[in-house]
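Data first, discussion second: the structure below is written as structure tokens.
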Ligand SMILES: *Cc1c(COP(=O)(O)O)cnc(C)c1O
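Residue numbers (my numbering): 1460 to 1804.
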């Protein structure tokens, strides 16, 4: 029996067509710029996101790091969310390797950073202060439940960035989920950004990789930063081949994952021992919590669900995160709801 794995969309594995495309991909030395499959992926990603050029990188973490290294110098400052992935889950790479100083601003429940807080965080010219160089947003905002951040807000932040001569980066690990949920073409959604990273290996289910896009000059710099980090890969077309399918096909079906997440949320909302606001389930993430009356902790329930072949992530003592993806089908959602109902009854 297949494992029903809702811990993350990163646990998704490639489709048979991806594996075939990987086996048959034309390849070359990508450090020489000669891998035709990588070149196609980078060009297609740039075109889809409405930017000049793209760079295939090993992970979302590497994409964000090379973006920050290309935008900022040592001692420069980046304004970013206090619950942003780059601030919390990327091992402090921007500081450790870039000497870049983070200026966290509080992430709101709707995934935005307040515009006035961003304005206040921009440093005036003063010998005491680091130089503000970059603003970074995340879309969807993972830590508040995969909330998509709308174009009007991104445009407003872009306006602030331009007024102050700053750059705007979007950590769009799940930007196609955001575009799908908002019904906004992805290129329009990120039009105000100077650079965007997105993951091929989450909801788009390629086995490895992310793409960073931006202007040609910026991508030239980022390519250098990638080389410094040891990310110059050779016949990487084998990986990019799966990424092409991810970008061409998997971006078109994310509404299915969102519908499954909603189904799960609505089912959970009917259980008295569960606390959830199904209205906040807008993409492929479902955050919920056990009430006192559940009589067990989230880690204990997660452990019990393994007996049903269901894997889910306890976020803390009471809270859960469940993430839908290509390999989670409608009937799996019904099985998950049945198992939870049974364990909590
Ligand atoms: C997953 C994720 C990343 C990093 O991606 P990896 O490929 O795991 O390094 C960056 N930002 C956000 C918002 C993510 O969800």
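The beta-carbon is built from N, C-alpha and C at its ideal position, and this holds for glycine as well.
ask   = Should residue 1643 be counted as a contact of ligand 1 given a C-beta to heavy atom distance under 6 Å?
value = No - ligand 1 has no heavy atom lying nearer than 6 Å to the Cβ of residue 1643.
inquiry  = With the cut-off set at 7 Å, would you say residue 1598 and residue 1555 are in Cβ contact?
reply    = Result no, Cβ atoms of residue 1598 and residue 1555 do not sit closer than 7 Å.
ask   = DSSP three-state call for residue 1624: helix, strand or coil?
value = When DSSP states are grouped into helix, strand and coil, residue 1624 belongs to the coil group.
message = Given 6 Å as the limit, tell me if residue 1658 has its C-beta closer than that to any heavy atom belonging to ligand 1.
response = Yes, the beta carbon of residue 1658 sits closer than 6 Å to at least one heavy atom of ligand 1.
ask   = So, using beta-carbon positions, are residue 1646 and residue 1508 closer together than 7 Å?
value = Cβ distance < 7 Å, so residue 1646 and residue 1508 count as in contact.
inquiry  = ligand 2 and residue 1756: does the residue's C-beta get closer than 6 Å to at least one heavy atom of that ligand?
reply    = Summarising the ligand content, the structure contains ligand 1 and does not contain ligand 2.
Which of helix, strand or coil DSSP assigns to residue 1481 = Reduced to three states, the DSSP call for residue 1481 is helix.
task = Count the other C-beta atoms from every protein chain shown that fall within 10 angstroms of the C-beta of residue 1764, then say buried if there are 16 or more, exposed otherwise.
result = Classification for residue 1764: buried.
query = Is the region 1538 to 1555 touching the region 1691 to 1707 in the sense that three or more CB pairs, one from each, lie closer than 8 Å?
reply = No: the two stretches stay apart, fewer than three of their Cβ pairs being nearer than 8 Å.
message = Within a Cβ cutoff of 6 Å, which residues of the same chain sit near residue 1639, ignoring the five residues on either side of it in sequence?
response = Closer than 6 Å at the Cβ level, and outside the excluded window around residue 1639, lie 1713 and 1714.
message = I'd like to know whether the C-beta of residue 1721 is nearer than 7 Å to at least one C-beta of chain C.
response = Among the chains of the structure shown, chain C does not appear; only one protein chain is present.
query = Quick one, which of 1707, 1777, 1788 and 1793 has its alpha-carbon nearest residue 1505's?
reply = The option with the nearest alpha carbon to residue 1505 is 1707.
query = Thinking just about the alpha-carbon of each residue, which of 1635, 1648 and 1582 is nearest to the one in residue 1624?
reply = With distances taken between Cα atoms, residue 1624 lies closest to 1582.
task = Compute the distance between the beta-carbons of residue 1538 and residue 1499, then report whether it is under 7 Å.
result = Their beta carbons are not under 7 Å apart, which means residue 1538 does not touch residue 1499 by this criterion.
inquiry  = Considering just the uninterrupted stretch of the beta strand (DSSP E) at residue 1575, what are its terminal residues?
reply    = Taken as a continuous stretch (DSSP letters only), residue 1575 belongs to no beta strand (DSSP E), being part of the alpha helix (DSSP H) at 1574 to 1580.
ask   = Taking just the CA atoms, how far does residue 1741 sit from residue 1667?
value = Taking the CA atoms as reference points, residue 1667 sits about 26 Å from residue 1741.
Candidates 1588, 1575 and 1569: closest to residue 1559 by CA position = With distances taken between Cα atoms, residue 1559 lies closest to 1588.
message = Residues in the same chain with beta-carbon distance under 6 Å from residue 1604, minus the five sequence neighbours each way, listed in chain order, please.
response = Contacts found: 1739, 1744 and 1746.
ask   = Can you pull the DSSP bridge partners for residue 1560?
value = Paired residues: 1536.
query = Beta carbon of residue 1724, beta carbon of residue 1783: below 7 Å?
reply = The criterion of a C-beta distance shorter than 7 Å is not satisfied by residue 1724 and residue 1783.
query = Just how far apart, CA to CA, sit residue 1655 and residue 1470?
reply = Cα to Cα, the separation comes out at about 23 Å.
key: Delimiting residues of the beta strand (DSSP E) encompassing residue 1670   = Note, residue 1670: beta strand (DSSP E), 1669 to 1673.
message = Given this structure, state the Cα-to-Cα distance separating residue 1489 from residue 1516, to the nearest angstrom.
response = For residue 1489 and residue 1516, the distance between alpha carbons rounds to 11 Å.
query = Taking C-beta to C-beta, are residue 1781 and residue 1503 nearer than 7 Å?
reply = Inclusion of residue 1781 and residue 1503 in the CB contact set at 7 Å is not warranted, their separation being larger than that value.
ask   = Using the C-alpha atoms, what's the distance from residue 1804 back to residue 1797?
value = Rounded to the nearest angstrom, the two C-alpha atoms are 11 Å apart.
ask   = Going by Cα to Cα distance, which pick from 1573, 1585 and 1762 is closest to residue 1613?
value = When only C-alpha atoms are compared, the closest one is 1573.
query = Does any heavy atom of ligand 1 sit closer than 6 Å to the C-beta of residue 1601?
reply = Checking the Cβ of residue 1601 against ligand 1 gives yes.
query = Using the beta-carbon count (16 or more within 10 Å), is residue 1518 buried or exposed?
reply = With 16 or more Cβ atoms within 10 Å of its Cβ, residue 1518 is classed as buried.
Cβ pair residue 1594, residue 1600 closer than 7 Å = Not in contact: residue 1594 and residue 1600 (Cβ atoms no closer than 7 Å).
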